[in-house]
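Protein chains in written order, with the working numbering: chain Z, 1 to 71; chain A, 72 to 324.
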């Protein structure tokens, strides 16, 4: 799998989760649209999980110290 | 007084490969406003300690051989004047982002392997045209402008030494190789854009960059590798999802 396919998920969740959070705050006073609120919360949860998973990948892929060089 | 000699303490970090020891040795050199760090190192080697190892060639910031860490910053020794540093005590060490061979000399083998891996040449897919071109490769001024700023790279390795990702993740292609990938991708005479974009679309390629920007800060030639990498990210993303390469590349021949 190309790295760009993972990165686009990271960018979408990076931008999308805060955006959905703002929308969910705005629609709090509106009653009778609970279904939409649940869908939004679901999307926020999925986005946060994806972003978290990619964040963990970043820690291990980018953050590790490999001492194979320059000893 | 402009031409007056001043005593400068030169603290050189020395590495002895036979004992794997690193220590700092102090030499005192006389310097005027024209004296570069490289001049001082050559003077030390000629008059005080002939065992000091330093790599240099052109002495005028063209060959990129004398890259080292001077007062904590990667610089070219031939372009750094001792008095311009504004201190009586100067610290000189090897670039630790590359394997150290001896004293101030580092191994650039891996650096050039990574450079080669992005095909830093004008790729022509038509063998017939490659060996017997029917016409000149003409370029408009606007086409030249796309890659010219990135073609000033002298392969000194200072950007790789400054890059925090290159220093912690040896597999990362590094700012030099990636900026050269962008340089050749932006050349209207080149046909290898797809091959390069496929190669660098990895976490050790273009996506390894964390955009610290240190590479662009230390480049002695004003190349902006950090910008090149961010532009490459856009090109890679576009190619990955649409299969199209950058529209600005329109061959005129």
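C-beta: ideal position from N, C-alpha, C; glycine also.
Own chain partners of residue i with C-beta closer than 6 Å, once the 5 adjacent residues on each side are dropped
| i | result |
| --- | --- |
| residue 148 of chain A | 108, 109, 137 and 139 |
| residue 193 of chain A | 260 and 261 |
| residue 162 of chain A | 82 and 142 |
| residue 69 of chain Z | For residue 69 of chain Z, the pLDDT reaches just 45, beneath the cut-off of 50, and the residue's location in the model is therefore unreliable, leaving the point undetermined. |
| residue 176 of chain A | 124 and 126 |
| residue 257 of chain A | 217 and 218 |
| residue 122 of chain A | none |
| residue 76 of chain A | 101 and 103 |
| residue 242 of chain A | 275 |
| residue 135 of chain A | 225, 226 and 227 |
Residue nearest to residue i in terms of C-alpha spacing, selected from the options
| i | options | result |
| --- | --- | --- |
| residue 32 of chain A | A:194, A:292 and A:174 | Within the shown structure, residues of chain A are numbered from 72 to 324, placing residue 32 of chain A beyond reach of any answer. |
| residue 237 of chain A | A:275, A:317 and A:211 | A:275 |
| residue 87 of chain A | A:187, A:155 and A:125 | A:125 |
| residue 90 of chain A | A:174, A:206, A:155 and A:307 | A:174 |
| residue 95 of chain A | A:188, A:186 and A:164 | A:164 |
| residue 186 of chain A | A:123, A:104 and A:247 | A:247 |
| residue 17 of chain Z | Z:37, Z:30 and Z:44 | Z:44 |
| residue 156 of chain A | A:242, A:295 and A:104 | A:104 |
| residue 12 of chain Z | A:317, A:313 and A:308 | A:308 |
| residue 97 of chain A | A:201, A:150 and A:160 | A:160 |
| residue 266 of chain A | A:306, A:295, A:301 and A:152 | A:306 |
| residue 317 of chain A | A:214, A:152 and A:288 | A:214 |
| residue 205 of chain A | A:75, A:197 and A:76 | A:197 |
| residue 120 of chain A | A:93, A:92, A:85 and A:150 | A:85 |
| residue 7 of chain Z | A:294, A:281 and A:295 | A:281 |
| residue 268 of chain A | A:158, A:295 and A:302 | A:302 |
Proximity below 8 Å, CB of residue i to CB of residue j
| i | j | result |
| --- | --- | --- |
| residue 277 of chain A | residue 304 of chain A | yes |
| residue 133 of chain A | residue 111 of chain A | no |
| residue 299 of chain A | residue 249 of chain A | yes |
| residue 285 of chain A | residue 233 of chain A | yes |
| residue 129 of chain A | residue 229 of chain A | no |
| residue 92 of chain Z | residue 178 of chain A | What is shown of chain Z runs 1 to 71, which leaves residue 92 of chain Z out entirely. |
| residue 224 of chain A | residue 251 of chain A | yes |
| residue 191 of chain A | residue 255 of chain A | yes |
| residue 72 of chain Z | residue 47 of chain Z | With chain Z represented from 1 up to 71, any question about residue 72 of chain Z goes unanswered, as that position is not in the structure. |
| residue 57 of chain Z | residue 311 of chain A | no |
| residue 40 of chain Z | residue 28 of chain Z | no |
| residue 270 of chain A | residue 195 of chain A | no |
| residue 182 of chain A | residue 169 of chain A | yes |
| residue 166 of chain A | residue 145 of chain A | yes |
| residue 172 of chain A | residue 102 of chain A | no |
| residue 152 of chain A | residue 118 of chain A | no |
Chain-order list of residues whose beta-carbon lies under 7 Å from that of residue i (same chain, five-residue window excluded)
| i | result |
| --- | --- |
| residue 100 of chain A | 79, 81, 111, 114 and 115 |
| residue 245 of chain A | 185, 231, 234 and 237 |
| residue 72 of chain A | Model confidence at residue 72 of chain A stands at a pLDDT of 46, short of 50, so the residue's coordinates are unreliable; what they give is reported in the following sentence. Cβ within range, chain order: n/a, list empty. |
Bridge partner(s) assigned by DSSP for residue i
| i | result |
| --- | --- |
| residue 164 of chain A | A:140 |
| residue 92 of chain A | A:87 |
| residue 5 of chain Z | DSSP output for residue 5 of chain Z lists no bridge partner at all. |
| residue 98 of chain A | A:81 |
| residue 122 of chain A | Looking at the DSSP assignment, residue 122 of chain A forms no beta bridge with any residue, so it has no partner. |
| residue 107 of chain A | A:152 |
Sequence-distant residues of the same chain with beta carbon closer than 8 Å to residue i, five excluded per side
| i | result |
| --- | --- |
| residue 240 of chain A | 275 and 279 |
| residue 9 of chain Z | 50 and 54 |
| residue 14 of chain Z | 51 |
| residue 32 of chain Z | none |
| residue 288 of chain A | 233 |
| residue 202 of chain A | none |
Below-8 Å beta-carbon distance, residue i vs any chain D residue
| i | result |
| --- | --- |
| residue 306 of chain A | Considering every chain present, this structure includes no chain D. Its protein chains are Z and A. |
Margin query: Give the list of continuous beta strand (DSSP E) stretches no shorter than 3 residues that lie fully inside the segment 144 to 224 of chain A.
Written below: 144 to 147, 160 to 164 and 171 to 173
Checklist line | Minimum length 4: unbroken alpha helix (DSSP H) runs contained in the segment 15 to 68 of chain Z | finding: Unbroken alpha helix (DSSP H) runs of no fewer than 4 residues, entirely contained in the segment 15 to 68 of chain Z, are found at 34 to 61, following chain order.
Next item on the list: Write down every uninterrupted run of the alpha helix (DSSP H) in the segment 240 to 275 of chain A whose length is 4 residues or greater and which is fully enclosed by it, in chain order.
Entry: 246 to 256 and 264 to 271
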